[in-house]
Each structure stands twice: as C-alpha cells, then as structure tokens.
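Asks:
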Amino acid sequence: MLNEMNLGLIFLSAFIINNILLIRFLGLCSFIGLSTNLKSSASMGMAVIFVAVMASSISWAVYEYLLIPFHLEYLRTAAFILTIASFVQFEEIIIRKKVPALYRAFGIYLPLITVNCAILASAFLGIDYKLSFIQNLVFAFGIASGYCFVIVLFASIRERLATSPIPSIFKGVPIAFILAGLMSLAFLGLKGLFKL
Amino acid sequence: MKKLIDPKSFTLGLWKENPIFYLMLGLCPTLAVSSSLKDAIGMGVAFIFVLTGSNITISIIRRMVPSHIRIPVFIVVIATFVTIADYSVAAYLPKLHRNLGVYLPLMVVNCIILGRAEAFASKNNIINSALDGLGTGLGFTLAIIAIATLRELPGQGTLLGIKIFGDGYKPFLIMIMPPGAFFVIGFLIALKNSIGDRKKC
Amino acid sequence: MKKKDIITGLIVIFLVTVLSGYLLAQVYKITRPRIDEQKKQEEQRLYKEIFPEGIEFVEEKEYVSVYDSNKNLLGRIYNVVQPGYGGPIVIKAGFDIEGRVKGVRILEQSETPGLGAKITEKAFLDQFAGKSGNQLYLKKHNKEGTIDAITGATISSKAVSDAIIKIQEKLKSEGTIDTTAGETQKEKEKQK
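Sequences listed follow chains A, B and C, in order.
Offset between the first sequence (1-based) and my numbering: plus 72.
Offset between the second sequence (1-based) and my numbering: plus 156.
Offset between the third sequence (1-based) and my numbering: plus 221.
1. Is the separation between the beta-carbon of L219/C and that of G351/C shorter than 9 Å?
2. Measuring alpha carbon to alpha carbon, tell me which residue in H362/C, R321/C, G354/C, P304/C is nearest G337/C.
3. Counting only C-beta atoms, is I225/B closer than 9 Å to chain C at any point?
4. What do you reckon, are the CB atoms on Y299/C and A380/C nearer than 9 Å?
5. Does the Cβ of I140/A lie closer than 8 Å to at least one heavy atom of the ligand ZN?
6. In or out: I268/B buried (at least 16 other Cβ within 10 Å) or exposed?
7. Taking DSSP as the reference, what is the three-state secondary structure of S286/C?
8. DSSP state of R321/C, grouped into three classes?
9. Taking only three categories from DSSP, how would you classify L231/C?
10. Please tell me whether L55/A has its Cβ less than 9 Å away from any Cβ of chain C.
11. If you pair each beta-carbon of the segment 182 to 196 of chain B with each one of the segment 91 to 107 of chain A, do three or more pairs fall below 8 Å?
12. Report the three-state DSSP secondary structure of A338/C (helix, strand or coil).
13. Which term fits F205/A, buried or exposed, when burial requires 16 or more other beta carbons within 10 angstroms of its beta carbon?
14. Kindly list, in the order they appear in chain B, the residues whose Cβ is closer than 7 Å to that of R168/A.
15. Please state the DSSP three-state secondary structure of Q330/C.
16. Do you know offhand how far L329/B's Cα is from E308/B's?
17. Assuming G342/B contacts F249/A under a Cβ cut-off of 8 Å, what Cβ separation, rounded to an integer in Å, is found between them?
18. Closer than 8 Å by C-beta to Y243/C: which residues in its own chain qualify, once you throw out the five before and the five after it? Chain order, please.
19. Going by CA-CA distance only, name the one from G214/A, F159/A, A190/A that's closest to L79/A.
20. For S241/C, return the contacting residues in chain A, with the cut-off set at a CB-CB distance below 8 Å.
21. Interface residues of chain C around S190/B at Cβ under 9 Å?
22. In three-state DSSP terms, what is E410/C?
23. Exposed or buried, A346/B, counting other C-beta atoms within 10 Å across all chains shown (16 or more means buried)?
24. Check this for me: beta carbons of C220/A and M118/A, under 9 Å apart or not?
25. Measuring only the C-alpha atoms, how far is R266/C from H143/A?
26. Which residues mark the beginning and the end of the beta strand (DSSP E) in which L295/C is found?
27. Using DSSP with H/G/I as helix, E/B as strand and the rest coil, what is L315/B?
28. Return no unless some Cβ of chain B is closer than 9 Å to the Cβ of I376/C.
29. Between E274/C and A314/C, what straight-line distance do the alpha-carbon atoms span, to the nearest angstrom?
30. L197/A: which of L262/B, G295/B, I282/B sits nearest, CA to CA?
31. Between S236/A, E164/A, F226/A, A195/A, which lies nearest to A212/A when the distance is taken from Cα to Cα?
32. Is the segment 229 to 237 of chain B touching the segment 287 to 294 of chain B, taking contact as three or more C-beta pairs under 8 Å?
33. Helix, strand or coil: how does DSSP classify V221/B here?
34. Measure from the C-beta of Y146/A to each C-beta in chain C and report whether the shortest distance is under 9 Å.
35. My output table needs one value for V245/A: the three-state DSSP class, helix, strand or coil.
36. Can you name the residues that DSSP bridges to F278/C?
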C-alpha cells in the first residue's frame, strides 16, 4: 500500500483537522471537569503530551514485536491499557524521586491520565492507520498537542465566562458544551486549509 | 442490611444517577457514535454487555482480590469483556463494527465501567451488581438514543435509516457533525437542569 | 507483612491474567474464521465491482492481479492512500493490461458530507473508466483532462484524480503497461 502521508501532514491532521477533543470526541471527561481552571488545564495538557508520546511508542513496539510475532493481536486492547497504566505508574514513581517539583506540578492529573481516552485512542489509531514508528510518534504528539491546545484555550474562555451573566440552567456544564460546539465549528472550517 | 435483591440497584443507574446526564461520565463514545440511531443502539447494547458482565465477574471475585491490586485486576476483567464484545460484533455485525470503529475497544477506559466496578460491584452481591450493571447500562443506552435521535432526525432526515421527511428534505448537516453533538448535549443538560431538582451539585 | 501482600497480589493478578487470556483465546478461535470470511467476501465484492470479468484475484505484495477463467492476466488493482480535504482517502483503482482505468472505488474518506463525500458516488468515479494518460486529469487542471470535478469539492476530486495518476506513473515506471491515450481508439474498434 502506498502511504502518502508525510510527517508534517500527519501532525497537522492530528493537531487541528481531526482534533482529538473537538472532532473525535476523545478525552472529554477530563476536559469538561478540568477546564474551569487555567492552571490545572495547562498541567494536564503537558502531562498528556508526555504520556501520549511515550505510551504510544511503547504500545507500538509491544504490538509490533510482541503481539504480531506471537499472533496475539486480539490481546491489543488489554495489552495497550495495561501498558499505559504501568507506564503511568512507573514514571510517577520516577518523577517523584528525580524531579519532585515536576511531580507537584502534575499533581493528581498523572494517574488520572490512565483513563484518558485520548491516550489509548492514539495507540489504537496508530495501529489502525498502519503507521511506522516515527509516524506513530508524530501522530501521538499531534493528538496530545491538539488536546493541550484546546483545553488551555477553553480554560481561558471559561474563566472569563464564570463572571458573565448566563441563565442559571446553562451555567457550568451546558454552556461549556455549547462553547465546545462553537469551537468545533471553527475547527471544522480549518479543514482543507493546509491541503494540496 | 442490604437486601438480597435490591431493585434500587436497577433504578438508580437509570434515572437519578444516569451516567451521562447526571454524572457526566463516559462522554467520549456517547458523542462520537450518536450521529446515527442504529449505531447508538448497537453501542448501547455492547455497553450493557460489558458493564453487566464485568460487574458480575468482579462481584464474584470481590473477596478474593487484595485491595492494593484491585484496580489492575478490574482493568484486566473489563478489557477481557471489551475484547469479547469487540470481536463478537466484528464477526456477526461487521457493518456496525466498521461504524463504531475505535470507540468500541475504547470502552475499556470508559469511566462509567471502571467507576461502577469500584463503587458498586466490589462491594455488593452478584445479583445486585448485575442489576446495577443493567440499570446503568440501560440509562447510558437511553441517553445515547435520545442524543442520536436529536441528531439523526434533523441532520439526515432519517431515523434508523428510514426517511421520515421524504426526499425533498435538505438535511441540517451540522447536526451529524461534531459541533451538532456538543450543542445537543449542552441543551439537553440545560433542559435537565430546568426540569430537575434544585439540588446543589 | 508487606512482602506477603506483594506476593499474593502478584499471584492474583497472574491468575486473573491467565484466565482472561485463555478466555480471549477461545473467543478469538470462535470468531476469527467468521471475521476472516467476511473480510474476504467484502474484498471479493469490491474486486468484482472493479473487474466484473475477473475470476481469480491474487494478492501480490503491492497490488492484486486479476485473472480470467483461462488464467489470462486481465489487469491489476492498486491501493493508494491519498491526502484529501479532511484526511486520508483510501482508493482502490483497477487498471487493465492496456493501461486504462477499469474502475475506481473509495474505501475510506473523511470529506465533507454532501460535498467532498460525493467522490464515493458512481457518477463521479465512473468518469475514470476506460481512460488513461492525461485524460485522467480534472478538466480544469489539464487541457487533455476529461474528469469533471464535483461542484464545491475540487480538492476532494483532485485528490482522487491525483491518486489514480500516481498509480499510472507507477505502472509506467515499472514498464509493465503502455499507457498512451491512443490505445482507447484501438480498443473501441476491437469492442465493435
């Protein structure tokens, strides 16, 4: 199969055009919950980028060198989630020991990342699209950056919204979703901007 | 003392503690597959299967699992059921499998399933855990059906693939695209807020 | 105390994993044949659509060779992943041995519904059939082009056109098939 997607295109596609949050709907749980606060959003965003890139790469390697040779592809769901969970656990321990300041910055978001759909999705999609190791890495980075970008943008708007007059039935979550819808609309318009 | 068969386990997940509208969990697949009613129902059924199955299993082994190792064990159990669902759908309903795509295996990190395992199944008997699974699963399914109906009808003019408005209907395309999903759920939650209790979150 | 906990923990998780693994292997054994069968049926259906006269479809490394009942080579079917407007488009294009397009099918696309997504429609794809060389370009991009782009979906249409031309280039460079446009005339006479 001729795969014509170069790295730049892969990144842009993952970052904006098929944005993980606003177009693919993944990573929403943490998104809605955290985006009221700019600081926590930034922390989560950074943590997601780190974990996504590392975990996707490890999962790719596990799939390519462990599952395929032994014809165990059907174990990928379990294998990937265990890889992610173990990785998060592992590096939480390492970061706590080596760079305690960073550990405090991440706070409770590091373990929370384990159930972040976005991370698992980037691992799955990398396999589905039959990406090479480098392509998968860039893809994961694009997805995670897209997540970080949107959550930070969102948080800054929501912090501003908190002081605006909104009908009480819309306050909080509903207005957040409507806002997400508007942003999604904007991102849809960006489709095709970088093509051909 | 907890009753042996407690019907409350079933009803709680259905309305009062509906996972999507009240607890705001498990949003990812909800919005993603709700552009088509048929897919939404398929997803709902798969979800009920996984949730009930994992609830029952975890309830069965709950006394044999040491506390500090329970989360990884839960994850393995859930992953097993998700994989069973994934491959069963792939084998018998290939079109649905193609439409659900990556969101089917993604159920393994669905906050709802892990949440119920931790909060309920690990502390209650088998029958109640099963009821909880069914109730919550059904609540999830009904919610996703509601959203899908509100998206497919205006967005494609069809329901379950059957043309409701006739051939001349110009579809309100935005509804089946991502922004539509966000708007629908935003308005539905606002609606729920206006109907529901004045309880403080 | 602590050590005992770790050991029991490890044993439990080992048991659970082994049990799940066994269960999954069984489910896999049961469902695998059906899944493979369906995949094959789907592929065969697609190949037949592109090459109705094809009897045998042999999967090679980079393409699928199509043979008739007498084992004569009828042509080849290629897969291309082309960047489209909204994401990668997966295209299957069949070429006959005279180097003309036999048929085109779109497998995956994320173009705009109602506009770019129309590239999956027969009306658009059938335009490529029987053509070769510069005829495969969009009318608006090349003097010799014969393909009408979809109104309001030039980028999606161009992606499909580009992908097919790319395959043609590949065929040319392999030297297996002669793709001069003059062939269409000869074939028209032969068919009469």
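Just so it is clear, CB atoms sit at the ideal spot from N, CA and C, and this is done for glycine as well.
The structure displayed is predicted, hence computed values, not measured ones.
Replies: For this structure:
1. Because chain C spans 222 through 413 in this model, residue 219/C falls outside it and cannot be assessed.
2. The residue you call residue 337/C lines up with position 116 of the third sequence. Cα-wise, what sits closest to G337/C is P304/C.
3. The sequence position of residue 225/B within the second sequence is 69, counting from 1. I225/B counts as touching chain C.
4. Here the question's residue 299/C lines up with position 78 in the third sequence. Here the question's residue 380/C lines up with position 159 in the third sequence. Not in contact: Y299/C and A380/C (Cβ atoms no closer than 9 Å).
5. The ligand ZN is absent from the structure shown, which contains no ligands of any kind.
6. The residue given as residue 268/B occupies position 112 in the second sequence. Buried, since its Cβ has 16 or more Cβ neighbours within 10 Å.
7. By one-based count along the third sequence, residue 286/C stands at place 65. Annotated three-state conformation of S286/C is strand, per DSSP.
8. Start at 1 with the first residue of the third sequence, and residue 321/C comes out as number 100. Reduced to three states, the DSSP call for R321/C is coil.
9. Numbered from its first residue, the third sequence carries residue 231/C at position 10. Three-state DSSP puts L231/C in a helix.
10. Residue 55/A lies beyond the residue range present for chain A, which begins at 73 and ends at 268; the question has no answer from this structure.
11. yes
12. Your numbering for residue 338/C matches position 117 in the third sequence. In this structure, DSSP gives A338/C a helical state, which the three-state scheme calls helix.
13. Within the first sequence, the letter at position 133 stands for residue 205/A. Classification for F205/A: exposed.
14. Position 96 of the first sequence, counted from the first residue, corresponds to residue 168/A. Within chain B, no residue comes near R168/A; the closest Cβ sits about 18 Å away, beyond 7 Å.
15. Counting from 1 along the third sequence, the entry for residue 330/C is found at position 109. In the structure shown, Q330/C sits in coil (DSSP, three-state: anything other than H, G, I, E or B).
16. Within the second sequence, numbered from 1, the residue matching residue 329/B stands at position 173. Within the second sequence, numbered from 1, the residue matching residue 308/B stands at position 152. Taking the straight line joining both Cα atoms gives about 9 Å.
17. Taking the second sequence and counting its residues from 1, the one referred to as residue 342/B is at position 186. Taking the first sequence and counting its residues from 1, the one referred to as residue 249/A is at position 177. With a Cβ gap of about 3 Å, G342/B and F249/A count as contacting.
18. For this step, residue 243/C is matched to residue 22 along the third sequence. Nothing listed; no residue qualifies.
19. Start at 1 with the first residue of the first sequence, and residue 79/A comes out as number 7. The shortest Cα separation from L79/A among G214/A, F159/A, A190/A belongs to G214/A.
20. Locating residue 241/C in the third sequence gives position 20, counting from the first residue. Near S241/C (Cβ distances below 8 Å), the residues of chain A are A150.
21. Position 34 of the second sequence, counting from 1, holds the residue named residue 190/B. Within 9 Å Cβ-Cβ: nothing; S190/B doesn't reach chain C, min ~15 Å.
22. Here the question's residue 410/C lines up with position 189 in the third sequence. Because the pLDDT at E410/C is just 43, under 50, the model does not fix this residue reliably, and the point stays unresolved.
23. One-based indexing of the second sequence puts residue 346/B at position 190. So A346/B counts as buried.
24. Here residue 220/A refers to the residue found at position 148 when the first sequence is read from its first residue. Here residue 118/A refers to the residue found at position 46 when the first sequence is read from its first residue. Against a cut-off of 9 Å, the Cβ pair of M118/A and C220/A comes out as a contact.
25. By one-based count along the third sequence, residue 266/C stands at place 45. By one-based count along the first sequence, residue 143/A stands at place 71. Going by the C-alpha atoms only, they are around 27 Å apart.
26. On the third sequence, position 74 is the one that residue 295/C refers to. Residues 294 to 304.
27. Translated into the one-based positions of the second sequence, residue 315/B becomes position 159. Correct three-state label for L315/B: strand.
28. By one-based count along the third sequence, residue 376/C stands at place 155. I376/C does not count as touching chain B.
29. Here residue 274/C refers to the residue found at position 53 when the third sequence is read from its first residue. Here residue 314/C refers to the residue found at position 93 when the third sequence is read from its first residue. Those two C-alpha atoms are separated by around 15 Å.
30. Stepping through the first sequence from its first residue, residue 197/A is reached at position 125. The shortest Cα separation from L197/A among L262/B, G295/B, I282/B belongs to L262/B.
31. The sequence position of residue 212/A within the first sequence is 140, counting from 1. If we check each option's Cα against that of A212/A, A195/A comes out closest.
32. Contact annotation: the segment 229 to 237 of chain B does not touch the segment 287 to 294 of chain B, with fewer than three C-beta pairs closer than 8 Å.
33. Taking the second sequence and counting its residues from 1, one reaches residue 221/B at position 65. Of the three classes helix, strand and coil, the one that applies to V221/B here is coil, per DSSP.
34. Counted from its first residue, the first sequence places residue 146/A at position 74. At least one chain C Cβ lies under 9 Å of Y146/A.
35. On the first sequence, residue 245/A is found 173 positions in, with the first residue counted as 1. Helix.
36. To locate residue 278/C, count along the third sequence from 1; it is residue 57. Note: F278/C sits in a beta bridge opposite V287/C.
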